[in-house]
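Chemist: Sequence order for the protein chains is A and B. If you count the first sequence from 1, position 27 lands on 27 in UniProt numbering, and the numbers rise without skipping. If you count the second sequence from 1, position 113 lands on 113 in UniProt numbering, and the numbers rise without skipping. C-beta: ideal position from N, C-alpha, C; glycine also. Just so it is clear, the structure is predicted and the values come from calculations on it, not from any experiment. One structure is given below, represented as structure tokens, and several questions about it will come after.
There are 2 protein chains.
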Amino acid sequence: MKHHPILPKERILETALHLFHKQGYHATGINQIISDAGVAKASLYLHYKSKEELGIEYLNARQEIWFAQLKLFTDESKKPKKKILAAFDFLNFINEKESFRGCSFLNMLSEIQSEETRLLASIQNHKTQLREFFREILPEEKGEHTDIIYLLFESAMTESQLFKNQWPVEKAKQAVADLFKLKYIK
Amino acid sequence: MKHHPILPKERILETALHLFHKQGYHATGINQIISDAGVAKASLYLHYKSKEELGIEYLNARQEIWFAQLKLFTDESKKPKKKILAAFDFLNFINEKESFRGCSFLNMLSEIQSEETRLLASIQNHKTQLREFFREILPEEKGEHTDIIYLLFESAMTESQLFKNQWPVEKAKQAVADLFKLKYIK
DNA sequence: TGGTAAACGAACAGACTTGTCTATTTTATT
DNA sequence: AATAAAATAGACAAGTCTGTTCGTTTACCA
């Protein structure tokens with residue numbers, strides 16, 4: 001295409017990123033995606049063989065974008081404690097930016113059936129990486145209680161989506177800070 | 001009805017409780033509900049004016065059933081600490097029983113649009129009650145850190161659904177037990 | 001036993017779903 | 001300038017969705 005700065009395949013993915021996250025996977029139809037992307041239906045099925053395939057590409061793309069943004073926050077500091085607290089600031093930021101729509105992956109998880117193993121695998125993969133992200137920040141031999149950070153981080157995301165409010169992020173962040181002071185996390 | 005032990009209205013709700021929870025709200029159609037319930041479509045719309053209305057009744061019913069089961073576990077003990085740890089045993093139990101399908105309310109949350117305010121209100125109401133349930137177990141003047149229990153409880157539910165495994169429940173329970181020992185919670 | 005209400009099966013409306021196909025135009029490359 | 005690939009619009013298939021409206025049958029109660 002000459003007159004469009006972005007290729008159809010990329011426009012489709014951009015639109016899917018926006019609509020799947022905002023409206024949900026089931027609530028978003030192929031027809032809305034192609035009309036919003038300004039693309040022919042045949043073009044969508046040329047690049048993605050099914051809606052599920054597009055769903056998987058959506059999760060893969062989201063994984064990249066989400067982690068890149070998280071790292072913009074955590075890379076500001078060198079100390080483990082500061083890095084981890086910065087992760088909660090990121091949640092604060094993304095809640096504002098995306099109007100408390102919560103986690104793309106957990107939202108997808110609620111919608112899929114047990115047969116859709118490829119989607120589940122993408123979701124599990126993302127969360128495993130997040131869990132390891134926290135684990136790697138802390139000194140190896142002292143990481144026995146790092147999963148509590150992961151668990152508090154996850155509920156901060158879900159509960160702020162639920163209450164459309166930042167208080168769960170603030171509470172979780174404060175709790176993690178307290179656990180550092182108590183040396184439960186080191 | 002004479003030959004059916006349960007009334008149509010109740011059969012519809014029973015079926016909705018099962019299918020909405022197992023498959024999700026959008027993935028479950030009215031037609032499957034009426035055929036599984038063995039009820040005419042006209043009967044469904046006689047008792048419930050829309051699918052959304054049935055969805056609200058589903059959440060209301062789930063609220064009753066879920067809390068009743070939770071209390072079966074927590075009422076076994078009198079001490080606050082034991083009561084709270086028993087709540088995590090309940091999670092363990094319901095995960096087995098329902099094959100890691102997670103929280104009905106959070107699953108619904110992921111599916112609804114921001115316009116569906118009645119459904120959102122039902123979900124918020126349930127979670128507010130759960131939050132207060134934990135708060136009321138602990139002595140009034142010492143409840144400053146009880147929300148960490150709520151947050152860990154919530155992520156235990158979500159993460160065990162995600163990984164189809166009980167480890168998040170065990171980790172969260174252990175963390176809460178540790179926080180009691182550290183007197184972060186009293 | 002007659003009347004009222006509930007439940008029934010089944011058709012129907014109208015809009016929506018994913019996905020396929022065709023015939024045509026545009027774009028990029030050689 | 002010619003050729004091959006990409007993208008287009010739009011019709012179409014076959015099925016699903018929610019919700020309404022029939023006329024009929026069943027059940028309960030006075």
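Using the C-alpha atoms, what's the distance from Glu53(B) back to Ser104(B)?
Modeler: On the second sequence, position 104 is the one that residue 104(B) refers to. On the second sequence, position 53 is the one that residue 53(B) refers to. Roughly 16 Å between the two C-alpha positions.
Chemist: Note down, in chain order, each residue of its chain lying with its Cβ closer than 7 Å to the Cβ of His3(B), except the 5 sequence neighbours on either side.
Modeler: Within the second sequence, numbered from 1, the residue matching residue 3(B) stands at position 3. At His3(B), the pLDDT of 48 sits below 50, so the modelled position is not reliable; the number obtained from the coordinates is stated separately. Excluding residues within five positions, none has a Cβ falling inside 7 Å.
Chemist: Does the beta-carbon distance from Phe73(A) to Ala86(A) come in below 8 Å?
Modeler: By one-based count along the first sequence, residue 73(A) stands at place 73. By one-based count along the first sequence, residue 86(A) stands at place 86. Contact flag set, yes.
Chemist: Just verifying my parser: in three-state terms, what is the DSSP assignment at residue 187(A)?
Modeler: Nothing can be reported for residue 187(A): it is not among the residues displayed for chain A, which extend from 1 to 186.
Chemist: Apart from the five residues on each side of it in sequence, which residues of its chain come closer than 6 Å, Cβ to Cβ, to Arg135(A)?
Modeler: Here the question's residue 135(A) lines up with position 135 in the first sequence. Cβ neighbours of Arg135(A) beyond the five flanking positions: Gly143 and Thr146.
Chemist: Determine which residues of the segment 104-126 of chain A have a Cβ less than 7 Å from any Cβ of chain B, and write them out in chain order.
Modeler: Leu106, Asn107, Leu109, Ser110, Glu111, Gln113, Ile123 and Gln124
Chemist: Whole alpha helix (DSSP H) runs in the segment 45-121 of chain A with 4 or more residues, listed along the chain?
Modeler: 51-74, 80-97 and 104-111
Chemist: Do Leu44(B) and Ile12(B) have their C-beta atoms closer together than 8 Å?
Modeler: Taking the second sequence and counting its residues from 1, the one referred to as residue 44(B) is at position 44. Taking the second sequence and counting its residues from 1, the one referred to as residue 12(B) is at position 12. For Leu44(B) and Ile12(B), yes; Cβs fall inside 8 Å.
Chemist: With burial defined as no fewer than 16 other Cβ atoms inside 10 Å of the residue's Cβ, what is the status of Glu111(B): buried or exposed?
Modeler: Position 111 of the second sequence, counted from the first residue, corresponds to residue 111(B). That one is buried.
Chemist: Check for me: the alpha helix (DSSP H) holding Tyr150(A) runs from which residue to which?
Modeler: Stepping through the first sequence from its first residue, residue 150(A) is reached at position 150. Asp147 to Phe163 is the span of the alpha helix (DSSP H), which, as asked, contains Tyr150(A).
Chemist: Roughly how many angstroms lie between the CA atoms of residue 233(A) and Leu130(B), to the nearest whole one?
Modeler: Here chain A covers residues 1 to 186 and nothing more, so residue 233(A) does not appear.
Chemist: Counting only beta-carbon separations shorter than 8 Å, does Ile148(A) have a partner in chain B?
Modeler: Here residue 148(A) refers to the residue found at position 148 of the first sequence. Taking 8 Å as the threshold, the shortest C-beta distance from Ile148(A) to chain B falls below it.
Chemist: What separation, rounded to the nearest whole angstrom, lies between the Cα atoms of Met1(A) and Leu7(A)?
Modeler: Position 1 of the first sequence holds residue 1(A). Position 7 of the first sequence holds residue 7(A). With a pLDDT of 36 at Met1(A), under the threshold of 50, the modelled position of that residue is not reliable, and the figure given next carries that caveat. Rounded to the nearest angstrom, the gap between the Cα atoms of Met1(A) and Leu7(A) is 7 Å.
Chemist: Relative to the alpha-carbon of Gly102(B), which residue among Phe153(B), Pro139(B), Asn31(B) and Ala27(B) has its alpha-carbon at the smallest distance?
Modeler: The residue given as residue 102(B) occupies position 102 in the second sequence. Closest by alpha carbon: Phe153(B).
Chemist: From Ala16(A) to Leu109(B), what distance separates their C-alpha atoms?
Modeler: Numbered from its first residue, the first sequence carries residue 16(A) at position 16. Numbered from its first residue, the second sequence carries residue 109(B) at position 109. Whole-angstrom Cα-Cα distance: 20 Å.
Chemist: If we ignore side chains and look at the alpha-carbon of each, how far apart do Leu120(A) and Gln166(B) end up?
Modeler: Position 120 of the first sequence, counted from the start, is the residue given in the question as residue 120(A). Position 166 of the second sequence, counted from the start, is the residue given in the question as residue 166(B). Taking the straight line joining both Cα atoms gives about 17 Å.
Chemist: What are the boundary residues of the alpha helix (DSSP H) that includes Ala177(A)?
Modeler: Counting from one through the first sequence, the residue named residue 177(A) turns up at place 177. Per DSSP, Ala177(A) belongs to the alpha helix (DSSP H) from Trp167 to Lys181.
Chemist: Would you list, in chain order, the members of the segment 81-96 of chain B that have their beta-carbon closer than 8 Å to a beta-carbon of chain A?
Modeler: none
Chemist: Distance cutoff 8 Å, beta carbons only. Does Lys171(A) sit that close to anything in chain B?
Modeler: Your numbering for residue 171(A) matches position 171 in the first sequence. Judged by the 8 Å Cβ criterion, Lys171(A) is in contact with chain B.
Chemist: Which residues, taken in chain order from the segment 154-165 of chain A, show a beta carbon closer than 8 Å to some beta carbon of chain B?
Modeler: Glu154, Ser155, Ala156, Thr158, Glu159, Gln161, Leu162 and Phe163
Chemist: Are the C-beta of Lys186(A) and some C-beta of chain B separated by less than 8 Å?
Modeler: Here the question's residue 186(A) lines up with position 186 in the first sequence. No, its Cβ sits nowhere closer than 8 Å to a Cβ of chain B.
Chemist: Among Ile34(A), Gln23(A) and Met157(A), which has the Cα closest to the Cα of Glu96(A)?
Modeler: Here the question's residue 96(A) lines up with position 96 in the first sequence. Checking every option, the nearest Cα to that of Glu96(A) belongs to Met157(A).
Chemist: Cα separation between Glu98(A) and Phe20(A)?
Modeler: Numbered from its first residue, the first sequence carries residue 98(A) at position 98. Numbered from its first residue, the first sequence carries residue 20(A) at position 20. When rounded, the distance between both Cα atoms is 13 Å.
Chemist: Closest by CA to Ile94(A), which one among Lys78(A), Val39(A), Trp66(A) and Gln113(A)?
Modeler: For this step, residue 94(A) is matched to residue 94 along the first sequence. Measuring from the Cα of Ile94(A), the nearest candidate turns out to be Trp66(A).
Chemist: Go through its chain and collect everything with a Cβ distance to Ile34(B)'s Cβ below 6 Å, but skip five positions before and after it.
Modeler: Counting from 1 along the second sequence, the entry for residue 34(B) is found at position 34. Only Lys41 and Leu44 meet the Cβ criterion.
Chemist: Once you ignore the five residues that flank Glu159(A) on each side, which residues in its own chain have a CB closer than 6 Å to its CB?
Modeler: The sequence position of residue 159(A) within the first sequence is 159, counting from 1. Only Pro168 meet the Cβ criterion.
Chemist: Starting from His18(B), trace the alpha helix (DSSP H) both ways and give me its first and last residue.
Modeler: Stepping through the second sequence from its first residue, residue 18(B) is reached at position 18. It spans Pro8 to Gln23 - the alpha helix (DSSP H) in which His18(B) sits, taken as one unbroken run.
Chemist: Return the residue from the list Gly38(A), Ala172(A) and Ile56(A) that minimises the CA-CA distance to Leu91(A).
Modeler: For the purposes of this step, residue 91(A) is identified with residue 91 of the first sequence, where counting begins at 1. The residue with the shortest Cα to Cα distance from Leu91(A) is Ala172(A).
Chemist: Can you check which of these residues, Pro5(B), Glu10(B), Pro139(B) and Gly24(B), is closest to Gln113(A) by C-alpha distance?
Modeler: Counted from its first residue, the first sequence places residue 113(A) at position 113. Per the Cα distances, Gly24(B).
Chemist: Can you give me the C-alpha to C-alpha distance between Phe133(A) and Gln63(A), rounded to a whole angstrom?
Modeler: As a first step, residue 133(A) must be located in the first sequence, where it is residue number 133. As a first step, residue 63(A) must be located in the first sequence, where it is residue number 63. Roughly 13 Å between the two C-alpha positions.
Chemist: Roughly how many angstroms lie between the CA atoms of Ala177(B) and Gln69(B), to the nearest whole one?
Modeler: Numbered from 1 along the second sequence, position 177 holds the residue referred to as residue 177(B). Numbered from 1 along the second sequence, position 69 holds the residue referred to as residue 69(B). If I take the Cα positions, the gap works out to 22 Å.
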